[in-house]
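Below is one structure, written out as structure tokens; comments come after it.
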Amino acid sequence: MTTILAIESSCDETACAIIRNGNEILSNIVSSQINTHTLYGGVVPEVASRIHVENISTVVTEALAASGCSMDDIDAVAYTLGPGLIGSLHVGVMAAKTIAFAYHKPLVPVHHITGHIYANAFVTELKFPLMALVVSGGHTELVWMKNDYDFEVIGTTADDAIGEAYDKVARVLGLGYPGGPAIDKLAKEGHYNPDYKLPTPKTDDPHNFSFSGLKTAVLQLNDRLKRNGKEVVPADLAWCFQETALNSMVDKTIAAVKEKQPVMTVLAGGVAANSRLRELMSERMKEVPECELVIPPLKYCTDNAAMIGAVGAAAYAHGMFGTFEDAADPGLIMPGEE
Ligand code: KG4
Ligand code: ZN
């Protein structure tokens, strides 16, 4: 039996979880800063780190209490080493090191994105080879895993992450922050509109993605319509943006799955909460019936510490321990990508 205390603080969620055997959630405490950042229209890094400092001890204490565990029951402290906001990461890294030092526990530093992938372990046992479509505010990647805790990034975005594009388009449509959930909701009321033709993203490598051209096209279209005195129907524009962005991304994912033939495909990251993406992937994966599709429950799509505990357990099993010299790394690359 392995019990991991996990800490996540890479962006605007201060979180701690206690995870048993990699897939059993004894507790999962997430303190979101979203209400504060909404006032500024996005995450303000300095504000985020200050709130992490204020909340980190409380979430750790609450996670331990809710799990019914004492520190004697904890085998290791897993934490997000990167990537993310440097000031935010520092708080979680220092908390993890302090706990590990005080209670003589091994440290297990993990890559935030690997956590998003392992959030699927709460749904079912991961099977390999596995393809992960990672879609978040900072990443859009196809990750190929031949085995457990073995990552190869086979596709990435040439420019913006998909979550970033959602957030920017939402700002133009006056939907506020975070934009992803707002566009998801608004697009349900939208329809195809022949005046809102948007370009399909193009990339050199078939595994790669691109969203900046599409984002700019939405901004320019919005400006042009306004200049010409035409009424902009936000729901239709949201619908057209979402359909173009998601269909292009899902097309590439399905092609990669057909090419690499994994036994399991998983969705991961904040944008995996998107209802249309979940629907499209479920529909299109019927073309590859021999491959199982796994989609994490909504609450494990956005940032949390349970997922860090899940991947932490895999890293622990592989002996991937850290040291007190490890420093928060905002640009950390995926393990195996060195
Ligand atoms: O994984 P995450 O919580 O943080 C990062 O690691 O980046 O992802 C946050 C991103 C934001 O861009 C947010 O707008 C997007 O996920 N997001 C969504 C939805 N829920 C969150 N995007 C589209 N549809 C959603 N329902
Ligand atoms: Zn994330």
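Just add 1098 to the spot in the sequence shown (first one is 1) and you have our numbering. No residue lacks a Cβ here, since even glycine has one placed at the ideal position from N, Cα and C. Since we're looking at a predicted model, the values are computed, not measured.
Starting from residue i, trace the alpha helix (DSSP H) in both directions and tell me its first and last residue.
i, result
"proline 1207", "Not the alpha helix (DSSP H): proline 1207 falls in the beta strand (DSSP E), residues 1205-1209."
"glutamate 1239", "It is not in any alpha helix (DSSP H) - glutamate 1239 instead sits in the beta strand (DSSP E) that spans 1238-1243."
"glycine 1185", "1184-1201"
"alanine 1415", "1404-1415"
"isoleucine 1281", "1277-1285"
"aspartate 1321", "1310-1325"
Which first and last residues belong to the beta strand (DSSP E) in which residue i is found?
i, result
"glycine 1253", "1250-1253"
"alanine 1333", "Segment 1332-1358 is the alpha helix (DSSP H) holding alanine 1333; no beta strand (DSSP E) there."
"tyrosine 1177", "1174-1180"
"asparagine 1126", "1122-1130"
"methionine 1383", "Looking at the DSSP string, methionine 1383 is not in any beta strand (DSSP E), and its letter there is neither H nor E."
"leucine 1296", "Per DSSP, leucine 1296 belongs to no beta strand (DSSP E) and is neither H nor E."
"valine 1232", "1228-1233"
"leucine 1365", "1362-1366"
"threonine 1112", "1111-1118"
Which value, in whole angstroms, describes the spacing of the CA atoms of residue i and residue j?
i, j, result
"asparagine 1306", "alanine 1426", "28 Å"
"valine 1452", "lysine 1203", "Shown here, the chain extends from 1099 to 1436; a query on residue 1452 therefore has no answer."
"valine 1175", "alanine 1315", "45 Å"
"leucine 1396", "asparagine 1326", "40 Å"
"histidine 1150", "glutamate 1111", "8 Å"
"isoleucine 1281", "arginine 1269", "10 Å"
"cysteine 1167", "proline 1276", "35 Å"
"arginine 1382", "glycine 1140", "33 Å"
"glutamate 1357", "asparagine 1345", "18 Å"
"alanine 1404", "lysine 1286", "30 Å"
"valine 1409", "alanine 1259", "23 Å"
"leucine 1312", "glutamate 1160", "43 Å"
"leucine 1284", "isoleucine 1184", "33 Å"
"glutamate 1377", "arginine 1118", "31 Å"
"serine 1308", "aspartate 1257", "6 Å"
"alanine 1115", "valine 1330", "44 Å"
"isoleucine 1211", "cysteine 1399", "11 Å"
"tyrosine 1264", "proline 1360", "29 Å"
"proline 1143", "serine 1186", "7 Å"
"serine 1147", "valine 1189", "7 Å"
"asparagine 1372", "methionine 1432", "24 Å"
"asparagine 1133", "glutamate 1388", "43 Å"
"alanine 1193", "alanine 1413", "19 Å"
"phenylalanine 1199", "phenylalanine 1419", "14 Å"
"threonine 1342", "tyrosine 1290", "11 Å"
"proline 1332", "tyrosine 1138", "22 Å"
"leucine 1228", "tryptophan 1242", "6 Å"
Return the residue from the list the options that minimises the CA-CA distance to residue i.
i, options, result
"leucine 1430", "His1237, Pro1395 and Ala1354", "His1237"
"methionine 1169", "Ala1408, Thr1100, Tyr1201 and Ser1310", "Tyr1201"
"alanine 1113", "Ala1412, Phe1422, Gly1407 and Thr1342", "Gly1407"
"proline 1304", "Met1379, Thr1351, Glu1423 and Trp1242", "Thr1351"
"isoleucine 1215", "Pro1207, Thr1100 and Tyr1247", "Tyr1247"
"asparagine 1320", "Lys1295, Ser1186 and Lys1244", "Lys1295"
"alanine 1230", "Leu1365, Pro1394 and Gly1417", "Leu1365"
"asparagine 1153", "Glu1122, Cys1338, Ile1105 and Leu1179", "Ile1105"
"isoleucine 1252", "Asn1133, Ala1411, Val1355 and Gln1131", "Val1355"
"aspartate 1334", "Pro1299, Ser1107, Arg1374 and Asp1293", "Asp1293"
"methionine 1347", "Leu1240, Gly1182, Ser1165 and Ala1164", "Leu1240"
"glutamate 1423", "Gly1272, Ala1415 and Val1191", "Val1191"
How many whole angstroms separate the CB atoms of residue i and residue j, which I take to be in contact at a CB cut-off of 8 Å?
i, j, result
"glycine 1367", "glutamate 1250", "That pair is no contact at about 17 Å."
"valine 1221", "valine 1392", "5 Å"
"isoleucine 1102", "aspartate 1173", "7 Å"
"methionine 1362", "lysine 1225", "5 Å"
"tryptophan 1337", "glycine 1288", "3 Å"
"alanine 1219", "glycine 1120", "6 Å"
"valine 1157", "threonine 1178", "About 13 Å; that fails the 8 Å criterion."
Just verifying my parser: in three-state terms, what is the DSSP assignment at residue i?
i, result
"glutamate 1262", "helix"
"glutamate 1160", "helix"
"threonine 1100", "coil"
"glutamate 1390", "strand"
"isoleucine 1431", "coil"
"glutamate 1223", "coil"
"glutamate 1377", "helix"
"glutamate 1144", "helix"
"glutamate 1106", "strand"
Under 8 Å, Cβ to Cβ, is there at least one residue of chain B near residue i?
i, result
"serine 1168", "This model lacks chain B altogether, as it is built from one protein chain only."
Could you tell me if the beta carbon of residue i falls within a distance shorter than 7 Å of some heavy atom in ligand 4?
i, result
"histidine 1150", "In the structure on display, ligand 4 does not appear, and the ligands it does have are ligand 1 and ligand 2."
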